[in-house]
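This report refers to the structure that appears directly beneath it.
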Amino acid sequence: MNSKQSKNNLLAIGSAAVLAVYAAGFFRTRAAAQRFADDSEQRRPAPAQVDNPADVPVLQRVDSAPVAPKKKAQAVAVLQIQLDSARIPIDSIVPAVTPLPPVVLPPAPVAPPPPPPMPVPVVVDMTPPPVEKATNGLKDGTYRGWGTSRHGDIEAAVDIKDGKISAAYITQCLTRYSCSWIGHLPGQVLARQSANVDYVSGATQSSNAFYHAILEAITKAK
Amino acid sequence: MSDSFVHTTAAMGTVVTIQVVGHGDSVTERAERQAAVERAIEWFRVIESTCTRFDERSELRQLCTRVGEPVPVSEMLFQVLSFAVRVAEESGGAFDPTVGDALLASPSTPQPSSYRDLGLDEANHTVMLRQSLLLDLGAVAKGLAVDAAARELASYRDFVIDAGGDLFFGGNNPAGEPWSVGIRHPRLDAEIIETLQISDAAVCTSGDYDAKSRTPEGGHHILHPRSGSSATSLASVTVIAPSAMVADALSTAAFVLGPVDGIGMLERQGVRGIMFTPTLERFETRA
Chain A
2 MNSKQSKNNL LAIGSAAVLA VYAAGFFRTR AAAQRFADDS EQRRPAPAQV DNPADVPVLQ
62 RVDSAPVAPK KKAQAVAVLQ IQLDSARIPI DSIVPAVTPL PPVVLPPAPV APPPPPPMPV
122 PVVVDMTPPP VEKATNGLKD GTYRGWGTSR HGDIEAAVDI KDGKISAAYI TQCLTRYSCS
182 WIGHLPGQVL ARQSANVDYV SGATQSSNAF YHAILEAITK AK
Chain B
3 MSDSFVHTTA AMGTVVTIQV VGHGDSVTER AERQAAVERA IEWFRVIEST CTRFDERSEL
63 RQLCTRVGEP VPVSEMLFQV LSFAVRVAEE SGGAFDPTVG DALLASPSTP QPSSYRDLGL
123 DEANHTVMLR QSLLLDLGAV AKGLAVDAAA RELASYRDFV IDAGGDLFFG GNNPAGEPWS
183 VGIRHPRLDA EIIETLQISD AAVCTSGDYD AKSRTPEGGH HILHPRSGSS ATSLASVTVI
243 APSAMVADAL STAAFVLGPV DGIGMLERQG VRGIMFTPTL ERFETRA
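Note that the protein sequences, when read in sequence, are chains A and B. Using our numbering, the letters of the first sequence map in sequence onto residues 2 to 223. Using our numbering, the letters of the second sequence map in sequence onto residues 3 to 289.
Written out as structure tokens, the structure is:
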């Protein structure tokens with residue numbers, strides 16, 4: 002047995018095994034947390050419905066480069082949101098309009114790969130924010146807003162054209178996790194003409210931060 | 003205890019209790035905490051569903067149906083088996099994940115099986131059973147679940163996970179001091195034989211009092227893999243280690259090895275151990 006001493010450092014082996022198992026099973030326990038969240042309380046009010054589907058504009062391109070990042074910005078990414086028909090049945094609600102091809106922007110300083118999942122709890126924000134009404138009568142232009150979460154901040158922007166949201170984007174993603182988790186949310190803003198987006202399983206914080214960022218941007222447009 | 007959140011549930015054939023200290027009383031904070039505990043509990047379910055020997059649908063039991071061929075297994079099962087085999091090597095077979103057959107008291111295997119009948123291929127993540135055998139990962143799987151749950155709760159710093167005797171203590175107690183942990187008296191019910199001050203460590207005790215197996219003459223559930231009989235030279239072994247998986251496996255192995263070899267192995271592994279013989283003679287690893 003003595004000869005095995007150097008071969009089997011069980012503390013090190015065990016620690017590595019726990020890490021490997023934790024990383025591999027991480028998403029299964031996220032699902033459990035989400036079930037819990039679903040069961041527990043009402044969350045934000047139901048998303049606003051699009052009253053007049055024909056009003057939903059087609060996504061425009063992003064005209065400008067992102068504003069200078071906040072100090073200590075680690076990652077700046079502009080996500081041009083494509084109208085993903087799998088997620089947003091835009092074709093069904095705007096049958097007569099052909100979406101413009103999405104503009105692919107060169108990625109700004111490449112974001113570092115997201116850190117491995119850390120044991121940071123997903124927060125279920127039980128505080129119902131004000132119901133966001135349809136955003137008619139907004140001033141044209143591009144407006145930005147910040148949302149914060151314990152995982153980091155998100156800057157989002159909306160383009161307003163003819164009083165409606167014509168585009169929405171995540172302009173800066175300073176969260177510890179990749180914003181790809183919530184990449185489809187700007188499309189929801191567009192489709193719903195509202196900041197009321199869905200929660201994202203496993204990225205509740207980020208989706209809340211995005212919500213507040215959009216809310217701020219829309220408020221500026223009023 | 004007023005500023006603690008305590009959650010108890012049944013999992014892995016035992017009662018799992020999680021206590022999280024502090025972290026606010028607002029609706030949001032309470033919900034956060036509850037969600038974190040729910041994720042921690044889920045680790046017990048996830049690991050049990052893979053590693054249990056009591057459900058023939060588990061990945062472990064499915065693996066046992068295939069003999070003589072390399073079987074691809076999940077990351078979880080591979081890691082658990084790899085660790086179990088390392089502990090078996092380290093303890094000279096005193097700990098052996100293949101004792102499941104003896105535990106079931108159905109001597110169907112043609113010859114005694116041992117961990118040497120397991121062929122693990124790290125590159126391909128496969129396991130080959132060289133002969134028909136049953137695997138029991140109980141000691142390792144529960145500790146692993148505690149460790150995974152502890153990682154899940156790490157951001158809360160001060161917490162306790164208690165899974166039927168596998169304990170993990172994060173940080174401090176509500177009074178801001180290290181947790182006070184009693185070692186059960188191996189011979190007197192409801193008595194504590196010794197009290198430890200623990201912070202950020204797991205404490206696992208293997209004793210001859212936990213579970214009476216179906217063997218005659220009051221044998222207990224820790225079997226010597228080679229003889230199939232219960233180990234008798236120790237009444238309890240408590241191991242304190244940074245990992246519950248390590249603490250549980252090593253306390254099981256040391257219990258089988260006895261006081262001399264057991265202490266030697268624990269010292270080689272750099273973990274703390276406290277042992278009592280049936281006559282309450284006490285052994286402890288050197289610091």
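Glycine included, every Cβ here is placed at the ideal spot set by N, Cα and C. Note that the structure is predicted; figures quoted are calculated from it, not measured.
- By the criterion of at least three beta-carbon pairs nearer than 8 Å, the stretch 252–263 of chain B is not in contact with the stretch 149–166 of chain B.
- For the stretch 238–262 of chain B, the set of residues with a beta-carbon nearer than 8 Å to any beta-carbon of chain A comprises Ala-243, Pro-244, Ser-245, Met-247, Val-248, Ala-251, Leu-252, in chain order.
- Secondary structure note for Asp-263 (chain B): its alpha helix (DSSP H) is the uninterrupted segment 261–270.
- Pairing Val-22 (chain A) with Asp-160 (chain A), the inter-Cα distance amounts to about 44 Å.
- Separation of Ala-169 (chain A) and Val-190 (chain A) (C-alpha to C-alpha, rounded to the nearest whole angstrom) is 7 Å.
- In the three-state DSSP reduction, Phe-56 (chain B) falls in the coil class, being neither helix nor strand.
- With contact defined as three or more Cβ pairs closer than 8 Å, the stretch 115–126 of chain B and the stretch 84–92 of chain B are in contact.
- Identification of residues in the stretch 61–94 of chain B having a C-beta nearer than 8 Å to some C-beta of chain A yields Ser-76, Glu-77, Met-78, Gln-81, Val-82, Ser-84, Phe-85, Arg-88, Val-89, Glu-91, Glu-92, Ser-93, Gly-94, given in sequence order.
- Taking a contact as a CB-CB distance under 8 Å, the pair Val-183 (chain B) and Phe-170 (chain B) does not count as one, their CB atoms being some 11 Å apart.
- If you draw a straight line from the Cα of Ser-60 (chain B) to the Cα of Glu-156 (chain A), it comes to about 46 Å.
- Nearest Cα to Asp-163 (chain A) within the set A:Leu-20, A:Lys-140, A:Pro-187: A:Lys-140.
- Given a length threshold of 4 residues, each whole run of the alpha helix (DSSP H) inside the stretch 118–169 of chain B is given here in chain order: 140–154.
- At a C-beta separation below 7 Å, Gly-272 (chain B) has these neighbours in chain A: Leu-12.
- Glu-34 (chain B) has its alpha-carbon roughly 28 Å from the corresponding atom of Arg-193 (chain A).
- Take Gly-266 (chain B), set aside five residues on each side of it, and no residue of its chain has a beta-carbon closer than 6 Å to its own.
- If you look at Leu-62 (chain B), you'll find it in the alpha helix (DSSP H) that goes 61–66.
- Annotated three-state conformation of Phe-7 (chain B) is strand, per DSSP.
- Residue range 186–193 is occupied by the alpha helix (DSSP H) that includes Gly-188 (chain A).
- Against chain B, the beta carbon of Tyr-212 (chain A) has no neighbour under 7 Å; the closest one sits roughly 15 Å away.
- Just so you know, the alpha carbons of Gly-15 (chain A) and Phe-278 (chain B) end up roughly 26 Å apart.
- Inclusion of Phe-211 (chain A) and Ile-166 (chain A) in the CB contact set at 7 Å is not warranted, their separation being larger than that value.
- Relative to the Cα of Val-205 (chain B), the nearest Cα in the group B:Cys-53, B:Ile-185, B:Leu-65 belongs to B:Ile-185.
- Taking a Cβ-Cβ threshold of 9 Å, the residues of chain A close to Leu-146 (chain B) are Gly-15, Ala-18, Val-19, Val-22, in chain order.
- Its chain contains Ile-195, Gly-209, Asp-210, Tyr-211, Ala-237, Ser-238, Phe-278, Pro-280, Leu-282 as the residues whose beta carbon lies nearer than 8 Å to that of Pro-188 (chain B), once the 5 sequence neighbours on both sides are disregarded; these appear in chain order.
- With a threshold of 7 Å between beta carbons, Gly-26 (chain A) makes contact with chain B.
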